[in-house]
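Peer 1: Per our numbering, residue 17 is the first one in the sequence shown, and the count goes up by one each step. Note that beta-carbon positions come from the ideal geometry of N, C-alpha and C, so glycine has one too. Bear in mind the structure is a predicted one, so any value in this text is a computation, not a measurement.
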Amino acid sequence: MKNIIIASSNQGKIDEFQQLFAGHHDISIIGQQNLSVPDVAETGHTFVENALIKARNAARCSGMPAIADDSGLVVDALNGAPGIYSARFGGANTTDQNNYEKLLLAMEDLPAGQRSAYYICVLVFLRSPMDPSPLICQGIWRGEILESPQGDSGFGYDPIFYVPELDCSAAQLSKEKKNEISHRGKAMRELIPQIEQALALAPQTSTASSSCCH
Numbered sequence: 017m018k019n020i021i022i023a024s025s026n027q028g029k030i031d032e033f034q035q036l037f038a039g040h041h042d043i044s045i046i047g048q049q050n051l052s053v054p055d056v057a058e059t060g061h062t063f064v065e066n067a068l069i070k071a072r073n074a075a076r077c078s079g080m081p082a083i084a085d086d087s088g089l090v091v092d093a094l095n096g097a098p099g100i101y102s103a104r105f106g107g108a109n110t111t112d113q114n115n116y117e118k119l120l121l122a123m124e125d126l127p128a129g130q131r132s133a134y135y136i137c138v139l140v141f142l143r144s145p146m147d148p149s150p151l152i153c154q155g156i157w158r159g160e161i162l163e164s165p166q167g168d169s170g171f172g173y174d175p176i177f178y179v180p181e182l183d184c185s186a187a188q189l190s191k192e193k194k195n196e197i198s199h200r201g202k203a204m205r206e207l208i209p210q211i212e213q214a215l216a217l218a219p220q221t222s223t224a225s226s227s228c229c230h
């Protein structure tokens, strides 16, 4: 069994990762909070930079291979906002609801034809904190922004992210369907075979104390 730490404290993301790895019985997914690994400041200017920062932090503190996700919502009419600031769009200590309500307010005068958007997910896998050749995969999920929230599943901007081909919001999808078509699902299906190959070529690193991070 190979242990991989997920560099996130977002339980919604961790649940999705665990579902995506469910059929891979040789890999065990562990959320960083289970090893008391603290969050790290996301000081990068791109999704890739922030994913690398989070993966290095988790790998360094845990002594395990790490996967980090940096994802967000990109709205064309807002010049790419909220982008890398999606999780904190509503300000410090914000909530998902505050974030999407602020976005809806910013878009309240935009007609249906100008509400295109997409979710983007960048995944990074590091074998160790100093891995010189990280695995990086990207997935994109295109849709539109609704005028009001619909559905109560998912997380983030899912209640206002409309999926045209299914005529519903992302928050109205089952977990299984969302993983099938989402940005994270697409990126993970590209990344998992590469992870399996990488782990087959390298010995499992022993789990270390996370005290280095405190």
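Of all the beta strand (DSSP E) runs that stay within the bounds of the segment 44-122, which reach a length of 3 or more residues?
Peer 2: 82-91
Peer 1: Under 8 Å, do Ile136 and Phe33 count as touching if we go by C-beta distance?
Peer 2: no
Peer 1: For Pro145, I'd like the list of residues in its chain whose CB is within less than 7 Å of its CB, leaving aside the five on either flank, ordered along the chain.
Peer 2: Arg72, Ala75 and Arg76
Peer 1: By a C-beta neighbour count over all protein chains shown, 10 Å radius and 16 as the cutoff for buried, is Asp85 buried or exposed?
Peer 2: buried
Peer 1: Report all residues from its chain with a CB closer than 7 Å to the CB of Glu117; omit the five preceding and five following residues, and keep chain order.
Peer 2: none
Peer 1: Once you ignore the five residues that flank Gln220 on each side, which residues in its own chain have a CB closer than 6 Å to its CB?
Peer 2: Note that Gln220 scores 49 on pLDDT, short of 50, meaning its location in the model is unreliable; the coordinates nonetheless yield the value given after this. The residues are Lys18.
Peer 1: Taking three-plus beta-carbon pairs below 8 Å as touching, is the segment 116-131 in contact with the segment 89-104?
Peer 2: yes
Peer 1: Throw me the rounded Cβ distance for the Ala187 and Gly167 pair, which I believe falls under 8 Å.
Peer 2: That pair is a contact at about 3 Å.
Peer 1: What does a CB cutoff of less than 8 Å around Pro150 pick up in its chain, not counting 5 residues either side in sequence?
Peer 2: Leu68, Ala71, Val140, Phe141 and Leu142
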